[in-house]
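First the structure, in the form of structure tokens, and then the observations on it.
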């Protein structure tokens, strides 16, 4: 079966702009988590959605938001981009919300100029 | 607070040598711990989890609650083990928290 798909794979934005990233989970998976990966900070948890509800949130400012649709696809949005938002944004899906293996996508690499 | 610490950013060993990647965690409850691995140009993927007590690709990890550690070990490293390794903790609310990762380099 198809893995987790993230689009776009690469994008370049300028400071102040906003960006929307998309994630399609593995078919049947209802939980989607988002992570920011940077060389300095490693993998930092952004948020997790299950059945269209945000279940967990990391310590990121309100500029970072997300949502999940009825088909389990998820989007995350970053508004008023800052240089420090440049990172690889990873999406992961799992069958259950409270346990189980995470299956990761290849990520969306965002560069903010 | 939940926290995962991997003290080594880079670990370099020769082929055939034993390897131990350290992981310490901070969590007041009963933790669920994992090791994830990212090989070059591949996706991050699960290597093993403590509840299954399995050996994957020769790697094992034992949860030591007294020392709050979950070190990953392999008796004889292979070149194909070179990768980025992340220790992860599932704690309160179910969210999975990762350590900063250790890059393992196995030299021929």
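Protein chains in written order, with this note's numbering: chain A, 1 to 113; chain B, 114 to 221. The beta-carbon is built from N, C-alpha and C at its ideal position, and this holds for glycine as well. Every value quoted in this text rests on a predicted model; they were computed, and no experiment measured them.
Checklist entry - Do the region 132-142 of chain B and the region 23-43 of chain A touch if we need at least three Cβ pairs shorter than 8 Å? => result no
Next on the checklist: Bridge partners for residue 169/B per DSSP, in chain order?
Outcome noted: As a working mapping, residue 169/B is identified with position 56 in the second chain. Residue 169/B pairs with 172/B.
Next on the checklist: Just to confirm my understanding: we take residue 86/A, look at its own chain, exclude 5 residues before and 5 after, and list those with CB closer than 7 Å. What are they?
Outcome noted: For the purposes of this step, residue 86/A is taken as residue 86 along the first chain, with counting starting at 1. Cβ neighbours of residue 86/A beyond the five flanking positions: 110, 111, 112.
Next on the checklist: I need the DSSP call for residue 83/A, collapsed to helix, strand or coil.
Outcome noted: By 1-based counting over the first chain, the position of residue 83/A is 83. Three-state DSSP puts residue 83/A in a helix.
Item to check | residue 167/B versus residue 101/A - alpha carbon distance | outcome: Within the second chain, residue 167/B is the residue found at index 54, counting from 1. Within the first chain, residue 101/A is the residue found at index 101, counting from 1. If you draw a straight line from the Cα of residue 167/B to the Cα of residue 101/A, it is about 15 Å long.
Next on the checklist: So residue 43/A contacts chain B; which residues on that side make the cut at Cβ distance below 7 Å?
Outcome noted: Translated into positions along the first chain, residue 43/A becomes position 43. Residues of chain B passing the Cβ test: 199, 211.
Next on the checklist: Below 8 Å on C-beta distance, what does residue 28/A contact in chain B?
Outcome noted: As a position in the first chain, residue 28/A is number 28, starting the count at 1. Those do not exist, as residue 28/A stays about 17 Å from chain B at its closest Cβ, beyond 8 Å.
Item to check | Given 8 Å, three or more beta-carbon pairs between the region 63-83 of chain A and the region 116-130 of chain B | outcome: The region 63-83 of chain A makes no contact with the region 116-130 of chain B: fewer than 3 CB pairs, one atom from each, lie closer than 8 Å.
Item to check | Against chain B: residues of the region 47-59 of chain A by CB proximity under 8 Å | outcome: 48, 55, 56, 58
Checklist entry - Can you tell me whether DSSP reads residue 164/B as helix, strand or coil? => result As a working mapping, residue 164/B is identified with position 51 in the second chain. It is helical.
Next on the checklist: Less than 7 Å between the beta carbons of residue 89/A and residue 21/A, yes or no?
Outcome noted: Within the first chain, the letter at position 89 stands for residue 89/A. Within the first chain, the letter at position 21 stands for residue 21/A. Cβ distance < 7 Å, so residue 89/A and residue 21/A count as in contact.
Next on the checklist: Between which two residues does the beta strand (DSSP E) holding residue 49/A run?
Outcome noted: Locating residue 49/A in the first chain gives position 49, where the first residue counts as 1. Start and end: 42-50.
Checklist entry - How is residue 216/B classed by DSSP in three states: helix, strand or coil? => result Counting from 1 along the second chain, the entry for residue 216/B is found at position 103. Strand at residue 216/B.
Checklist entry - Which residues, in chain order, does the region 157-191 of chain B contribute to contact with chain A at a C-beta distance below 8 Å? => result 157, 158, 159, 162
Next on the checklist: Quick check: residue 49/A and residue 18/A, are their CB atoms within less than 7 Å of each other?
Outcome noted: Residue numbering aside, residue 49/A sits at position 49 when the first chain is read from its first letter. Residue numbering aside, residue 18/A sits at position 18 when the first chain is read from its first letter. The criterion of a C-beta distance shorter than 7 Å is not satisfied by residue 49/A and residue 18/A.
Item to check | Between the CA atoms of residue 149/B and residue 190/B - distance to the nearest angstrom | outcome: Residue mapping note: residue 190/B aligns to position 77 of the second chain, counting from 1. Residue mapping note: residue 149/B aligns to position 36 of the second chain, counting from 1. Each residue's alpha carbon lies about 17 Å from the other.
Item to check | Minimum Cβ-Cβ distance from residue 128/B to chain A less than 7 Å | outcome: Start at 1 with the first residue of the second chain, and residue 128/B comes out as number 15. Interface flag for residue 128/B against chain A is unset, since no Cβ pair is found closer than 7 Å.
Checklist entry - Which chain B residues sit within Cβ distance under 7 Å of residue 97/A? => result On the first chain, position 97 is the one that residue 97/A refers to. Result: 207.
Item to check | Integer Cβ distance of residue 15/A from residue 72/A, believed to fall under 8 Å | outcome: Here residue 15/A refers to the residue found at position 15 of the first chain. Here residue 72/A refers to the residue found at position 72 of the first chain. That belief does not hold up - the Cβ atoms of residue 15/A and residue 72/A are roughly 32 Å apart, past 8 Å.
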